[in-house]
Amino acid sequence: MGRLASAYGQAVTAHRAARAHLDTARGALGAAPAPAAPVGAGDLVDRLARLGAALATPTPGATGLTDAPAAVRIGEASTADSGFPVLVPLGGGHHLALDTDARDSRVAGLLRALVLRLVATAPAGQVRVAGIDTAALGATFGPLRPLLDAGVL
Numbered sequence: 104m105g106r107l108a109s110a111y112g113q114a115v116t117a118h119r120a121a122r123a124h125l126d127t128a129r130g131a132l133g134a135a136p137a138p139a140a141p142v143g144a145g146d147l148v149d150r151l152a153r154l155g156a157a158l159a160t161p162t163p164g165a166t167g168l169t170d171a172p173a174a175v176r177i178g179e180a181s182t183a184d185s186g187f188p189v190l191v192p193l194g195g196g197h198h199l200a201l202d203t204d205a206r207d208s209r210v211a212g213l214l215r216a217l218v219l220r221l222v223a224t225a226p227a228g229q230v231r232v233a234g235i236d237t238a239a240l241g242a243t244f245g246p247l248r249p250l251l252d253a254g255v256l
């Protein structure tokens with residue numbers, strides 16, 4: 104029993120030393136000033152925000168059909184001072200893979216909205232969707248089933 108007590112005592116001592124080390128590191132990181140943004144970063148973020156807004160905003164009226172990829176907004180990147188839209192090219196042979204759970208209603212909504220945007224802006228018969236939805240067993244794309252039945256997808 105003496106060896107077990109000795110090993111336990113050593114483990115407790117090592118744990119306490121590691122905990123003290125962690126607390127010291129956290130204190131040092133908390134006291135450190137935040138790094139300054141690089142010169143010109145604010146201007147770059149402003150330009151990205153303007154460009155993102157222009158690319159992600161559909162023009163009023165009928166949308167012209169095109170084979171070129173569309174810039175699709177999928178979120179926003181944030182900096183300490185501001186933010187800008189995150190755009191990805193979609194369509195025209197480009198692909199999108201999301202490594203997250205499609206059972207989350209926000210993810211499912213994003214996927215359905217992207218498919219609808221592609222269908223609305225691509226020439227007829229040009230959109231092919233291969234939805235691999237192992238988490239929700241295809242339920243994510245269930246509301247789009249009428250488009251498949253109608254031959255749109």
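Under this note's numbering, the letters of the sequence shown match residues 104 to 256, in that order.
Think of the CB as a built atom: it goes at the ideal place given N, C-alpha and C, for glycine as much as any other residue.
- Message: Measuring only the C-alpha atoms, how far is D149 from R129?
- Response: The residue you call residue 149 lines up with position 46 of the sequence shown. The residue you call residue 129 lines up with position 26 of the sequence shown. Going from the Cα of D149 to the Cα of R129 covers about 33 Å.
- Just to confirm, are H197 and P226 a CB contact at a threshold of 8 Å? Counting from 1 along the sequence shown, the entry for residue 197 is found at position 94. Counting from 1 along the sequence shown, the entry for residue 226 is found at position 123. Not a contact, by the Cβ cut-off of 8 Å.
- Item | Inter-residue Cα distance where the pair is G133 and L214 | Indexing the sequence shown from 1 puts residue 133 at position 30. Indexing the sequence shown from 1 puts residue 214 at position 111. If you take the alpha carbons of G133 and L214, they lie about 39 Å apart.
- Message: Per the DSSP calculation, S185 is bridged to which residue(s)?
- Response: Along the sequence shown, read from residue 1 onward, the residue named residue 185 stands at position 82. Partner(s): none; S185 has no beta bridge.
- Measure the Cβ-Cβ separation of D216 and T243 and say whether it is below 8 Å. Residue 216 sits at position 113 when you count from the first residue of the sequence shown. Residue 243 sits at position 140 when you count from the first residue of the sequence shown. Here the sequence assigns Ala to residue 216, which means Asp is not the residue at that position. No, Cβ-Cβ distance for A216 and T243 is not below 8 Å.
- Query: How many Å lie between G155 and L247 at the Cα?
  - Reply: Start at 1 with the first residue of the sequence shown, and residue 155 comes out as number 52. Start at 1 with the first residue of the sequence shown, and residue 247 comes out as number 144. Near 28 Å, if we compare the C-alpha coordinates of L247 and G155.
- Are L193 and V232 close, meaning C-beta to C-beta below 8 Å? Indexing the sequence shown from 1 puts residue 193 at position 90. Indexing the sequence shown from 1 puts residue 232 at position 129. Taking 8 Å as the Cβ cut-off, L193 and V232 do not qualify as a contacting pair.
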